[in-house]
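In the working numbering, each number is its position in the sequence shown, counted from 1, plus 61. The C-beta atom is built at its ideal place from N, Cα and C for all residues, glycine as well. Presented below is the structure to which this report refers.
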Amino acid sequence: MTKQKSMKGLLIYLLVGIIALFFSYLLGLSTLSTYSTQLEQLSEMTGISGPPEMLALLAVIPNFIILIITLVIGFFIAHKVGLKSAIIHPHARDKSKSEWIKGIKLAIILGSIAGVVLRGFDYLFQPFLPDGLIELLRPYNALEFITALLYGGILEELLMRFGLMSLLVFVFWKLFDRKSAKPSNWVFIFAIFISALLFALGHYSITASNIEMTTFIWFRMILLNGLPGLFYGWIYWKHNLELAMLAHMFTHIVLNLLMLIFSVFM
Numbered sequence: 062m063t064k065q066k067s068m069k070g071l072l073i074y075l076l077v078g079i080i081a082l083f084f085s086y087l088l089g090l091s092t093l094s095t096y097s098t099q100l101e102q103l104s105e106m107t108g109i110s111g112p113p114e115m116l117a118l119l120a121v122i123p124n125f126i127i128l129i130i131t132l133v134i135g136f137f138i139a140h141k142v143g144l145k146s147a148i149i150h151p152h153a154r155d156k157s158k159s160e161w162i163k164g165i166k167l168a169i170i171l172g173s174i175a176g177v178v179l180r181g182f183d184y185l186f187q188p189f190l191p192d193g194l195i196e197l198l199r200p201y202n203a204l205e206f207i208t209a210l211l212y213g214g215i216l217e218e219l220l221m222r223f224g225l226m227s228l229l230v231f232v233f234w235k236l237f238d239r240k241s242a243k244p245s246n247w248v249f250i251f252a253i254f255i256s257a258l259l260f261a262l263g264h265y266s267i268t269a270s271n272i273e274m275t276t277f278i279w280f281r282m283i284l285l286n287g288l289p290g291l292f293y294g295w296i297y298w299k300h301n302l303e304l305a306m307l308a309h310m311f312t313h314i315v316l317n318l319l320m321l322i323f324s325v326f327m
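This is how it looks when you write it as structure tokens:
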């Protein structure tokens, strides 16, 4: 009988998550050390003052706790509802070469589309964007790029897809679809939408820390973060967690590539 899940795979993702949080810490430290106003805002929001090193560390500790919780949730629930991780679930690796190639192509295409939509929207509506957002329309530096791939591409997928989406599918199945031997398609679709919406709303604090939350900014935040979340959730459902991560990474790769191109020609 094929082993359903691997503790080794879980530990691998725990290690990768810690590495992603470390780079997030370095990026936060760099930002706080460079921009004194953001240091003051963080102190006001948390009621805690101190050196940038301490504040940057305090900012990543909650995400470390959430990472542990979501890894445990995904480890015990994902396979029960038919969701898969090729690293954690050995049976998920039993796909033909053509299936893997098809999935990889799909992840790259959808991730790239998300990147084009995200950055294209901002360039199209640049006259309506506040200064705090226009400043972000620049290529990543090396630390930002690595953090985007590790934190955004891997850690956020562990939290939002492997943990949250798996839990939502399980809960909706048991509450509203319990007569079915396995979750119905609508359960997955509903869970994808809810997790994508929560993923979008999760960007509130970082958005609000830079700009005033007008109706347009709310619309932008939900649309531009929710749409990619739909793509990643669908890939997780139909393929596996790793391809959702690949799609998320390519979103950031294309984002940065477009910003590099515009910085040269505009």
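Cβ separation of residue i and residue j, assumed to be a contact under 8 angstroms, to the nearest whole Å
i, j, result
"W234", "V142", "6 angstroms"
"T208", "L319", "About 18 angstroms; that fails the 8 angstroms criterion."
"I169", "L228", "Not quite, the Cβ-Cβ distance comes to about 28 angstroms (not below 8 angstroms), so this is no contact."
"F280", "Y184", "Actually they do not touch by this definition, with Cβ atoms about 17 angstroms apart."
Proximity to residue i [Cα-Cα], best of the options
i, options, result
"G213", "H264, H140 and H152", "H264"
"N246", "K166, H152, L185 and G294", "G294"
"H300", "L132, T92, S85 and S157", "S157"
"L216", "K66, T131 and A139", "T131"
"A257", "E273, I278, L236 and I296", "I296"
"L167", "I322, H309 and F326", "H309"
"L204", "L76, S324, N317 and T268", "N317"
"A117", "G176, S85, S159 and I283", "S85"
"S146", "R281, E303 and L179", "E303"
"L321", "V232, G78, F249 and P200", "P200"
"V77", "D192, L179, M306 and V325", "M306"
"M226", "M115, W298, E160 and M282", "W298"
"M274", "L236, K240 and P191", "P191"
"F277", "F186, R239 and F206", "F186"
"A120", "L93, D238, W161 and L259", "L93"
"L128", "L75, D155 and G164", "L75"
"I283", "I162, K240, L179 and R239", "L179"
Beta-carbon spacing of residue i, residue j below 7 angstroms
i, j, result
"K243", "H150", "no"
"I148", "I73", "yes"
"I51", "L198", "Because the chain in this structure spans residues 62 to 327, residue 51 falls outside the shown range and cannot be described."
"L285", "F182", "yes"
"G224", "A261", "no"
"L90", "P113", "yes"
"T312", "G172", "yes"
"F249", "V232", "no"
"F136", "L210", "no"
Residue-chain proximity (residue i, chain C), Cβ-Cβ < 7 angstroms
i, result
"L262", "Within the model displayed, chain C is absent; a lone protein chain is all it includes."
With three or more beta-carbon pairs closer than 8 angstroms as the criterion, would you say the stretch 124-136 touches the stretch 220-228?
These segments touch.
Pair every Cβ in the stretch 249-258 with every Cβ in the stretch 275-293, then say whether three or more of these pairs are closer than 8 angstroms.
Counting C-beta pairs closer than 8 angstroms gives three or more between the stretch 249-258 and the stretch 275-293, which meets the contact rule.
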